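Remarks on the structure that follows.
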Amino acid sequence: MTFGSIQIPAFLAKNVYNLYSDRFCAAPLDTREEGWTEAWGSKEVQDSSSSKHWQYDEKSIELMLATPYPQIPLVLTQFRPAFLEQLALRIAGIPHIVLNAPYISNEATGPLPYLRDLNADSPALVGRHHPSNIAPFKSKGYNSILDYLKSSKSLNLDSALQTDSQKVMSQCLLHLIDSELQQILLFLRYEDHDAWEQVYRGRYLQASRQRHSWISDLKGRFQAMLERAAARRKGLEFYQTLSVKRAIDIAKEAYGTLEKQLASHSKPYLLGTDKPCMVDIVLWAHLSEALCDIHLVVVLSSFPKLVEFFQRMYKTYFTGKLGAWDAWNVEQNLTNAFQQIPINGAATGNNKSIADMGAYKDAIELMQSLSMQKQDLQEVLDAVKAKRSEDVVPEPSAPTESMLYRWRMGEEPSKFAEEEKEEEPHPNRKTMIREQQRNDEIWMSGVAGVSILVVLALQSTSEVAKAK
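The sequence shown begins at 1 in the working numbering and counts up one residue at a time.
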């Protein structure tokens, strides 16, 4: 992978799509008088209660502002499922609305997700990794949405940590998940060329598609290219030392550590607490993505404690029975294109074939069906692993001969000349090639000679005709 192959898309990702969340203008803290263009009509007219011009029909306004989802002030807009923030809000018991968006970022908040708090007292718009007035200088792993919820909603996700050893272990496991497992997940998503071409880019097209048209597909391809370039540039140094096999081996070691931690006590959460902490939320959000990765879904089938942890958290907090907002949010997650588990036509443990469900099964729908049938997600993953041992996914693609394409995919130009050296042909083939070349030369010489004779004959004929 070369820096030059991702430089232009990364430049566009930063300067057009704000995918690096580095464009931030602090809001002024001084007060000013409202300008006349910012008011609904002039102040004199507004203050006059006798004016009929500014009276409105409340029912008409309600009809204009009607939405298909419940009117709740807290709205979380996502491109990929924002399960980290969703789970934190559900654990805190804060009603909210989730909306799927067909775009990956915006100017105000950077990459999605972002949170809108439409509270009339202090409206707010906060992006996950975007700086804010609360913390204008972001650090690695900083989450502006959670920080806002802590300050405005008194959210405390680590209240269950009572001892110093629990707090230290929490920081260690957070580092393991954020700095290692999440990086492995991004590497497998963006650096495995076959997986990207056969699986992941198609999900971008589906998520970006508001309607079936070539413009939507073009937009999806462009967004996929930019997000991939941004991720590859951020992890350039880390990715250079990895291969797909090495990344999977590292993931197995990290998952093994988490599996042992869960097995070391009888409590349902990582640190032996009675209720989930921040590290549990981060782990569950990571697993929700890892189970939709074609490599890690097979790896996780070997860690039953982690699978049980994921399924138990889902059944506890994503019931869809807390009201209209809860049912709406579950449906939004269900229709998100990125929540698909690669099951590859495997069969469940009770011999119920799921081959008719397609090559990739929606994770939320799968969890719902397992809950209704009282099945275990581990059975599905075991079937996936058995099926994957027979069928290679993704299928290895044939090497391309295009130097431009190979450079764009990140291959070193110095390797082109070495790989394109042809093998020494067989001696008999050499003789045949020489004879063919000799025959071609004789034929071409004969044609040229005949052509010259014809031209000379025509010239002599014309000269004789002129002399007469």
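Cβ atoms here follow ideal geometry from the backbone N, Cα and C, with glycine treated the same way.
Please read all numbers here as calculations on a predicted model, not as lab measurements.
Span of the alpha helix (DSSP H), counted from its first residue to its last, around residue i
{"i": "D117", "result": "That residue, D117, is in no alpha helix (DSSP H); its beta strand (DSSP E) goes 114-117."}
{"i": "G127", "result": "Element bounds for G127: not the alpha helix (DSSP H) but the beta strand (DSSP E), 124-127."}
{"i": "E100", "result": "According to the sequence shown, residue 100 is Asn rather than Glu. No alpha helix (DSSP H) holds N100; the beta strand (DSSP E) holding it covers 97-100."}
{"i": "N329", "result": "324-334"}
{"i": "I248", "result": "244-263"}
{"i": "P276", "result": "Looking at the DSSP string, P276 is not in any alpha helix (DSSP H), and its letter there is neither H nor E."}
{"i": "A108", "result": "Here A108 belongs to no alpha helix (DSSP H), and DSSP marks it neither H nor E."}
{"i": "E227", "result": "214-234"}
{"i": "K321", "result": "Premise fails: K321 is in no alpha helix (DSSP H) and is neither H nor E."}
{"i": "Q206", "result": "201-208"}
{"i": "D164", "result": "164-176"}
{"i": "V16", "result": "That residue, V16, is in no alpha helix (DSSP H); it is neither H nor E in DSSP."}
{"i": "F187", "result": "182-190"}
Nearest-angstrom beta carbon gap, residue j and residue i [assumed within contact, 8 Å]
{"i": "P113", "j": "A92", "result": "Between A92 and P113 the Cβ distance is about 17 Å, and since that is not below 8 Å, they are no contact."}
{"i": "I184", "j": "A229", "result": "With a Cβ gap of about 19 Å, I184 and A229 do not count as contacting."}
{"i": "L381", "j": "S301", "result": "4 Å"}
{"i": "T109", "j": "L84", "result": "The Cβ separation is near 16 Å, so there is no contact."}
{"i": "S170", "j": "L87", "result": "Actually they do not touch by this definition, with Cβ atoms about 16 Å apart."}
{"i": "L176", "j": "D293", "result": "Not quite, the Cβ-Cβ distance comes to about 17 Å (not below 8 Å), so this is no contact."}
{"i": "P73", "j": "N119", "result": "5 Å"}
{"i": "D117", "j": "S152", "result": "7 Å"}
{"i": "Y255", "j": "V299", "result": "7 Å"}
Cα-Cα separation between residue i and residue j, rounded to whole angstroms
{"i": "A207", "j": "H286", "result": "20 Å"}
{"i": "F338", "j": "F303", "result": "23 Å"}
{"i": "G410", "j": "T67", "result": "Legend: pLDDT at G410 = 49, less than 50; position of this residue unreliable, value from coordinates given subsequently. Going from the Cα of G410 to the Cα of T67 covers about 45 Å."}
{"i": "Q261", "j": "V168", "result": "14 Å"}
{"i": "L472", "j": "E331", "result": "Nothing can be reported for residue 472, as the shown portion of the chain is limited to 1 through 468."}
{"i": "S353", "j": "A383", "result": "Per-residue confidence for S353 stands at a pLDDT of 43, beneath the threshold of 50, marking its modelled position as unreliable; the derived number appears in the next sentence. S353 and A383: Cα-Cα distance of roughly 10 Å."}
{"i": "L181", "j": "K234", "result": "16 Å"}
{"i": "N156", "j": "I215", "result": "44 Å"}
{"i": "R80", "j": "N100", "result": "8 Å"}
{"i": "V450", "j": "T461", "result": "16 Å"}
{"i": "E379", "j": "M313", "result": "18 Å"}
{"i": "A247", "j": "Y17", "result": "29 Å"}
{"i": "Q210", "j": "P102", "result": "7 Å"}
{"i": "P224", "j": "G446", "result": "First, the residue type needs correcting, since residue 224 is Ala and not Pro in the sequence shown. Rounded to whole angstroms, A224 to G446 spans 59 Å at the Cα level."}
{"i": "D376", "j": "V244", "result": "29 Å"}
{"i": "M357", "j": "T163", "result": "Low confidence applies here, because M357 scores a pLDDT of 40, under 50, leaving its location unreliable; read the following figure in that light. In a straight line, the C-alpha of M357 is about 47 Å away from that of T163."}
{"i": "G220", "j": "T431", "result": "54 Å"}
{"i": "I104", "j": "Y269", "result": "32 Å"}
{"i": "A355", "j": "K385", "result": "Any reading at A355 must be qualified, since the residue scores a pLDDT of 38, below 50, and its modelled position is unreliable; the value itself is stated next. Computed Cα separation, rounded: 14 Å."}
{"i": "Q78", "j": "Y200", "result": "17 Å"}
{"i": "T257", "j": "G320", "result": "32 Å"}
{"i": "W196", "j": "F222", "result": "14 Å"}
{"i": "A457", "j": "N439", "result": "27 Å"}
{"i": "S154", "j": "A327", "result": "25 Å"}
{"i": "N143", "j": "L149", "result": "10 Å"}
{"i": "Q7", "j": "K275", "result": "45 Å"}
{"i": "D249", "j": "S288", "result": "20 Å"}
Cβ pair residue i, residue j closer than 7 Å
{"i": "C277", "j": "D158", "result": "yes"}
{"i": "P70", "j": "L226", "result": "no"}
{"i": "I476", "j": "V75", "result": "Nothing about residue 476 can be read from this structure; the chain reaches only from 1 to 468."}
{"i": "L306", "j": "E259", "result": "yes"}
{"i": "A160", "j": "T273", "result": "yes"}
{"i": "Y317", "j": "R23", "result": "no"}
{"i": "I145", "j": "L174", "result": "no"}
{"i": "R232", "j": "Y204", "result": "no"}
{"i": "S21", "j": "H193", "result": "no"}
{"i": "I341", "j": "L291", "result": "yes"}
{"i": "L19", "j": "P123", "result": "no"}
Closer than 7 Å to chain B by CB, residue i
{"i": "Q171", "result": "The displayed structure is made up of one protein chain only, and chain B is not part of it."}
Span of the beta strand (DSSP E) around residue i
{"i": "Q340", "result": "340-342"}
{"i": "T77", "result": "74-78"}
{"i": "L157", "result": "Looking at the DSSP string, L157 is not in any beta strand (DSSP E), and its letter there is neither H nor E."}
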